[in-house]
Each structure stands twice: as C-alpha cells, then as structure tokens.
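Engineer: Counting from -10, one number per residue, gives the positions in the sequence shown under the working numbering.
Sharing a structure here in structure tokens format.
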Amino acid sequence: MPLRRRLRPAIHQRSLKPADKRTALGDADMKCLLIALALLASACTSAPDTSDPTIATVETGQLKALQAKGVLAFKGIPFAAPPVGALRWKAPMRAAKWDGVKDASAYGPICMQKMPNPDNGIGQYPASEDCLTLNVFTQDLSHAKRPVMVWIHGGGFVNGSGSAELYDGSQLAKHGVVVVTINYRLGRFGAFAHPLLTKEAAGGPVANYGMLDMVASLEWVKRNIAAFGGDANNVTIFGESAGGMAVQKLMTMPAARGLFHKAAVQSGAGRENTLYIDKPNERGLPSAETDGEAFVKTLGVAATSPADLRTISADAIIAAGDPSTFAGGGPILDGKIITMGVVEAFKTKKEALVPYLVGYNSAEFPSKVEDLDASLSRTVGAKTSDLPALVATYPDKADMAARVMGDIIFGEPARTLAAIHAANGQPTWLYRFDVISPSVAGRWKGTAHAQERQYVFDTLH
C-alpha cells in the first residue's frame, strides 16, 4: 500500500476540530505527520532519465551529486550571489552561472556566527559571508514530481546552518520526498536596520535580509527543483524554533505567497518581541534603526554613507554582536517585507491559507522558579504581578518552571494559531511531542527544546 495512503488516516485523526483534541506524539508519529503533510495530493508518475544519473542541470549550470546512503546528495548549491562587499545588507541577487560540471559533494560555508557552539545544529564548517547555499537530497533524478520539503534551521536567528549533519535529508528522502536544507544570513547580517541603508534602498527592501534569503531559496526551488525529481507545485516549508518562527513569518509575507503550499512549525513561538524599523515597539524596545545606529557607534565607526557601514569587517560585527544584547533579534517589522505580527495576520485571515501543522515539546526549557520573573519579562513582556496567577494554574510543582516557560513561549501560541487557522477554514494539525531523549532521561520530565529534530530527520544514530 502506498505510504501516503497508509499515513492519511493517522494524520486525519489528529486534525484540529472545534473541540481541541491534542495528542502526545511518539518519535515515529512526528516523522510520519511531516511526511504525510508533504505527500498530500502528490503525483506518483515518473519517466526515466537517460542522462548521467548523478548529474543535475539547473539554471546556473550542471551539478555532480554525492551518491551515498541510498540517495543523491547535492550539497553547497549557490541559490544567490555572495552577499559580500557592496551586496552586504542588500536583498539577495541571483547566483552567477558556471562552466562545466560543479562538484556538489561537499557543503558550503555556514553563515557568519559566533563559534564554537556545542549545538549539533550548527555544522562544523568554515563560516563566511559567502554562505547562501542550499542542499538537495533525492532518490533519483527521474521526472517523478515528488513532494518537496524545505527545511529552515533554528538557532535564534543568530546561529545554525542547513548543513549540519543533524539535518542530513537522506533518510527523509527515502520516503519519496525531495528534501532541501538552506542557509540564510544570521545575526546583524540577516536582520539589521540603519537610516543610511533605508535611504539608500529608496523604498526597496531593507532590514530583513535573512528572511529575503529564505524567499530567494524558495524562488530557486520553484525554478529548479524539477531537475531533482521534485514538484514545484507541492512544496512544504518546515522549521524548528527560529526556523519555525520563520515559517510563520513566511506565511504572512506577500513576497513568499505562492512559493509554498503547506507549512509545518516545530516549537515556533508566535508572540516574539519584534522590533519596528522606525519607532519603539509595544514593550518599549527602541526602533531597529536606533538599535542599528547604537551598534555601529559601539564599533567606533562614524558612518556617513552605506559604504562606510560595509567597510566594517565581518569579524568585528560578530565580535560586537552578542546575541544576548541583540535587541529583539530576528525579523523586523519594516512595513514592506514584514507588515504585521503573526497573530495579527492570522486573526485577520492574511496568513497563507495552506495546510498547517504546528506543535511544541512537553518541557521546552529547563528553568528555575526563581528565574521565572526575569525570563517571562524578557521573552514575552509579562508583568511581575502576573506571576502568582500563572504559577497557581500549575498544581503539579515538579518541573513547573520549565512547563510555564514552554507553555507561554511555545504552547499557547501554537494552540492559538492552530485554532485561528482552523477557524479560517484550513486543514490544521496540532501536536505535543513527548519523547524523552536517552541523553536527558532521569534529569528532565519531558521533551526538551529541539530534541525532536533527530526524530524528524531520523539522524539519531
């Protein structure tokens, strides 16, 4: 029996109804839900390709795959021009063509970020501003029109990469999908505003360079994925943590409309503390432009032109850009690329009206009760006076702080957005993942943040 037919009953059992029936998922369930979402309405016809079975031809040239683990892996494919020099802090441009057959057996550099980091979602590769590459995993190059799954990595918009071994798409590809993992600009390279850059853009896109990279990667997929046996009209975007937040942002962005057809969000929050480009936000944080000006001053640069800003070394930007002091972090409400918050967009039915899977883990973050006040204030703007009422709703005090933080940052937004999207008439699934990793068994009573990733990609071993 085809996989799609076997999985459909399972996924429909978890469909969100007006009466929210949440289901705790096991490891197999999680992967099956994502694959089933991608396989919905997929075509299964194929025609053999008589050319070299490991060489794909895309708009910029030919690529030679690494054949391993039963799939073809095309790594380090440029989907945009290197955003360096005069292209730093500009919307991505199309990649240049090359002659001959390009070796696609190795990942490209990860985007600039603070190193080292023990998170295995980073990737152990050189970091560079020249990092706008993606990776494609496919069973073969037949014209099968397989569903496409585009992974957006997490990392708080300040670290991570699509080339981490944790995100090896080989196992997923064996289920009859084409898997794409991407890099996008991070930290101050990916989200940065300054009056000089706004003036230079003359009404064009500014600030959200990392989000624009994601759009550019999806545009590349639309133009080229058929070369890998993928269906450009059946694209699922999925991501975890900041990657999940990005998926929800893409659902609200006019520039991304029509580039994907399903969305899956793993611990993607939804009430993030977003900066406005030119005014303080509701929680009193300065505008992104004010924050950008202050950042440049900390580097001792008296910038009078965009060129002055672009002379700052990448290493200096990384050294000064401590993520803990990066006001807001991530995408910026600039009024053009990102025009409203996620919850507002869903409430006004301005999100992408596509099938939507969203969920969270049972114990996202370890936390102490005495740390709750500061944590809640910093992350969601909760008032000190709110804390006793919040705590009182948790009769079981064991690991209460972790559950409070997880519910407020991830659980409540997931439930809210799922309910709204379902009310907007769209197929919607809500999950709660509760598989305890052997590495934390006995220490945590629940599934920690990001612990579901290896189950999704089947990279536990």
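Idealized CB from N, CA, C, for every residue including glycine.
Would G179 and F146 be called neighbours here (beta carbons separated by less than 9 Å)?
Structural biologist: Taking 9 Å as the Cβ cut-off, G179 and F146 qualify as a contacting pair.
Engineer: Quick check on DSSP: helix, strand or coil for K434?
Structural biologist: Coil.
Engineer: May I ask you to verify whether the segment 205 to 213 touches the segment 376 to 383, counting CB pairs closer than 8 Å and requiring at least 3?
Structural biologist: Output reads no: the segment 376 to 383 does not touch the segment 205 to 213.
Engineer: Would you call the CB atoms of G435 and A403 closer than 9 Å?
Structural biologist: No, they are not a contact pair.
Engineer: With distance defined between alpha-carbon atoms, name the residue in T49, P320, A244 nearest to E261.
Structural biologist: Among T49, P320, A244, the Cα nearest to that of E261 is on P320.
Engineer: Leaving out five residues on either side along the sequence, give the residues of the same chain with a beta carbon under 6 Å from the beta carbon of V204.
Structural biologist: A244, A245.
Engineer: Quick check: what's the CA-CA separation for G193 versus A70?
Structural biologist: C-alpha separation (whole angstroms): 18 Å.
Engineer: Starting from N350, trace the beta strand (DSSP E) in both directions and tell me its first and last residue.
Structural biologist: 345 to 350 is the extent of the beta strand (DSSP E) around N350.
Engineer: Out of curiosity, what's the CA-to-CA distance linking A196 and D323?
Structural biologist: Each residue's Cα considered, the two are about 7 Å apart.
Engineer: Can you determine whether any heavy atom of the ligand PLP sits closer than 8 Å to the C-beta of L376, and answer yes or no?
Structural biologist: This structure lacks the ligand PLP; in fact it carries no ligand of any kind.
Engineer: Does the beta-carbon distance from R174 to L248 come in below 9 Å?
Structural biologist: No. Outside cutoff.
Engineer: In this structure, does DSSP put M19 in helix, strand or coil?
Structural biologist: Helix, per DSSP.
Engineer: Ends of the alpha helix (DSSP H) at D280?
Structural biologist: 277 to 287 is the span of the alpha helix (DSSP H), which, as asked, contains D280.
Engineer: Could you name the residues of the same chain whose beta carbon sits closer than 7 Å to that of P98, not counting the 5 residues immediately before and after it, in chain order?
Structural biologist: Within the same chain, P98 has close Cβ partners Y114, P115, A116, S117, D119, C120.
Engineer: Which first and last residues belong to the alpha helix (DSSP H) in which A57 is found?
Structural biologist: Not the alpha helix (DSSP H): A57 falls in the beta strand (DSSP E), residues 50 to 57.
Engineer: To the nearest angstrom, how far is it from the Cα of L201 to the Cα of A80?
Structural biologist: Cα-Cα distance, rounded: 6 Å.
Engineer: Tell me, please, which residues DSSP counts as bridged to Y265.
Structural biologist: L322, per the DSSP bridge assignment.
Engineer: For I266, which residues in the same chain have their Cβ closer than 8 Å to its Cβ, ignoring the five residues on either side in sequence?
Structural biologist: The answer, listed in chain order, is A182, T187, V195, A196, S276, A277, E278, I321, L322, D323, G324.
Engineer: Measuring CB atoms only, is the segment 42 to 56 touching the segment 160 to 174, in the sense that at least three cross pairs come out at less than 8 Å?
Structural biologist: These segments do not touch.
Engineer: To which residues of the same chain is A341 closer than 8 Å at the C-beta, ignoring the five residues directly before and after it?
Structural biologist: Excluding residues within five positions, the ones whose Cβ falls inside 8 Å are L239, M240, T241, A245, R246, F249, A252.
Engineer: Is the beta carbon of A85 closer than 9 Å to that of F63?
Structural biologist: No, they are not a contact pair.
Engineer: Look at G395 and E353 and say whether their C-beta atoms are less than 9 Å apart.
Structural biologist: Result yes, Cβ atoms of G395 and E353 sit closer than 9 Å.
Engineer: Can you tell me which residues form a DSSP beta bridge with S117?
Structural biologist: Note: S117 sits in a beta bridge opposite C100.
Engineer: With burial defined as no fewer than 16 other Cβ atoms inside 10 Å of the residue's Cβ, what is the status of W87: buried or exposed?
Structural biologist: Classification of W87: exposed, given that the 10 Å Cβ count is below 16.
Engineer: S237 to G259, Cα distance in whole Å?
Structural biologist: Residue identity check: residue 237 is Gln in the sequence provided, not Ser. When rounded, the distance between both Cα atoms is 8 Å.
Engineer: Going by C-alpha to C-alpha distance, which of F335, V60, V224 sits closest to I409?
Structural biologist: Residue F335 is the option with its Cα nearest to I409.
Engineer: On a Cα-Cα basis, can you pick out the residue from Q443, Q102, F422 that is closest to A308?
Structural biologist: A308 has its Cα closest to that of Q102, out of Q443, Q102, F422.
Engineer: I think D129 touches P42, with their Cβ atoms under 8 Å apart; what is that distance to the nearest whole Å?
Structural biologist: With a Cβ gap of about 6 Å, D129 and P42 count as contacting.
Engineer: Between which two residues does the alpha helix (DSSP H) containing G179 stretch?
Structural biologist: Counting along the chain, the alpha helix (DSSP H) containing G179 begins and ends at 176 to 179.
Engineer: Return the bridge partner residues of I226 from the DSSP annotation.
Structural biologist: DSSP, once it has assigned bridges, lists V139, A252 as partnering I226.
Engineer: Residue range of the alpha helix (DSSP H) that G151 falls in?
Structural biologist: First-last for G151: undefined, no H or E at that position.
Engineer: Considering Y420, what are the terminal residues of the beta strand (DSSP E) in which it resides?
Structural biologist: 417 to 422 is the span of the beta strand (DSSP E), which, as asked, contains Y420.
Engineer: May I ask which residues mark the beginning and end of the alpha helix (DSSP H) holding T187?
Structural biologist: Where T187 is concerned, the enclosing alpha helix (DSSP H) stretches over 184 to 190.
Engineer: Assuming S230 contacts N350 under a Cβ cut-off of 8 Å, what Cβ separation, rounded to an integer in Å, is found between them?
Structural biologist: Wrong, their Cβ atoms sit about 10 Å apart, outside the cutoff.
Engineer: Using three-state DSSP, classify A292 as helix, strand or coil.
Structural biologist: If DSSP states are grouped into helix, strand and coil, A292 belongs with coil.
Engineer: Starting from V169, trace the beta strand (DSSP E) both ways and give me its first and last residue.
Structural biologist: It spans 167 to 171 - the beta strand (DSSP E) in which V169 sits, taken as one unbroken run.
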